[in-house]
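Just add 2 to the spot in the sequence shown (first one is 1) and you have the working numbering. Quick notes on the structure that follows.
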Amino acid sequence: MSPRDLQGLLQPVECTHERVVLTGGEVAVNAEQVLEALDELHERRCEVAVKTCGLLEDEVLRDLCRRVSACVVYVFGSNDAYSKYLGVERGLELVTRTIARMLETGVHVEVAYMVIPKANASREAAAPVFERLRGLGVAVHIRRCVPRSEFRGSLPASNRELQRLFRLAKTSGLTYVYITDSWAGPWRNTYCPSCGELLIERLGLFVSRVRLRGNRCPVCGTEIPVHGEARVSVSPRLLDLPHYILRSR
3 MSPRDLQGLL QPVECTHERV VLTGGEVAVN AEQVLEALDE LHERRCEVAV
53 KTCGLLEDEV LRDLCRRVSA CVVYVFGSND AYSKYLGVER GLELVTRTIA
103 RMLETGVHVE VAYMVIPKAN ASREAAAPVF ERLRGLGVAV HIRRCVPRSE
153 FRGSLPASNR ELQRLFRLAK TSGLTYVYIT DSWAGPWRNT YCPSCGELLI
203 ERLGLFVSRV RLRGNRCPVC GTEIPVHGEA RVSVSPRLLD LPHYILRSR
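In structure tokens form, the structure reads like this:
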């Protein structure tokens with residue numbers, strides 16, 4: 003989509019403040035075009051979030067940080083995994099450097115660890131990722147990736163594999179870890195890192211309950227790094243469904 007196409011798409015929007023997520027491709031592939039589109043959104047006072055693999059040249063990264071408020075960075079695995087499967091040397095180091103630079107400029111960053119059983123589901127591939135992310139203070143989403151190219155024909159990661167990586171991330175010292183493909187339960191919720199109190203309960207992509215007092219735990223008062231306002235977004239009808247139906251999806 004060109005900046006002109008984007009302008010035509012946004013023209014009917016009458017409100018002066020919108021949130022936009024640019025997805026469907028890597029921002030670095032057509033960086034100049036993406037940056038022009040971001041300029042158009044900036045003129046309309048839009049808050050913009052993008053998704054990227056994090057392997058960005060310094061100039062593109064700098065220009066991107068000036069134009070976005072949030073970013074999801076997809077991480078593939080250890081340095082060895084990047085080298086073996088993507089042909090990128092020191093890939094994990096480069097991606098974590100990108101994350102650190104974004105955080106320094108005030109961009110809200112969350113990480114998606116895309117799990118492919120034959121490539122990066124092992125402890126050897128995942129542990130270095132979690133160790134490097136521990137000091138950055140970002141939320142980590144463990145996600146099932148549908149294999150393609152050389153992994154075509156392989157089965158996606160099972161729930162057991164995702165949960166094993168979830169536990170590995172928690173024992174590695176990461177505070178806010180989620181399994182994106184889980185519909186409900188402890189894999190989707192946010193808990194206080196100090197006392198373990200349930201703070202934000204989710205059903206799929208919806209928020210079903212918020213127990214924060216401002217941005218603090220209601221029990222022990224620990225400050226929680228919430229970006230924006232946490233609020234209930236689920237339909238009341240969905241909450242009326244039997245719990246076993248919700249968990250079966």
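For each residue, glycine too, the CB sits at the ideal point set by N, CA and C. These figures come from a predicted structure and were not determined experimentally.
Between the segment 203 to 211 and the segment 183 to 194, are three or more C-beta pairs nearer than 8 Å?
With the cut-off at 8 Å, the segment 203 to 211 and the segment 183 to 194 touch.
Verify whether the separation of the beta carbon atoms of V109 and C67 is less than 9 Å.
In this structure, C67 lies closer than 9 Å to V109 by Cβ.
Is the beta carbon of V97 less than 9 Å from the beta carbon of L167?
No, the pair does not count as a contact, with Cβ atoms beyond the cut-off.
With a cut-off of 8 Å on the beta carbons, I'd call V2 and A30 a contact; round off their distance for me.
The structure shown does not extend to residue 2, since the chain spans only 3 to 251, so no value can be given for it.
Could you give the distance in angstroms between the alpha-carbon of A123 and the alpha-carbon of E45?
So the alpha carbons of these two residues sit roughly 42 Å apart.
Element boundaries [beta strand (DSSP E), containing I202]
Membership of I202 in the beta strand (DSSP E) is indicated by the continuous run L200 to L205.
What number of angstroms, rounded off, separates the C-alpha of Y87 from the C-alpha of A127?
Inter-residue distance for Y87 and A127 is about 12 Å (C-alpha atoms, whole angstroms).
Are V75 and K53 close, meaning C-beta to C-beta below 9 Å?
Pairing V75 with K53 gives a Cβ-Cβ distance under 9 Å.
Verify the CB distance criterion: does T177 have a CB-CB separation below 9 Å to chain D?
Looking at the structure shown, chain D is missing, and only one protein chain is on hand.
Length-filtered (3 minimum) beta strand (DSSP E) runs lying within the segment 67 to 143:
If we require 3 residues or more, the beta strand (DSSP E) runs fully inside the segment 67 to 143 come out as 72 to 77 and 110 to 117.
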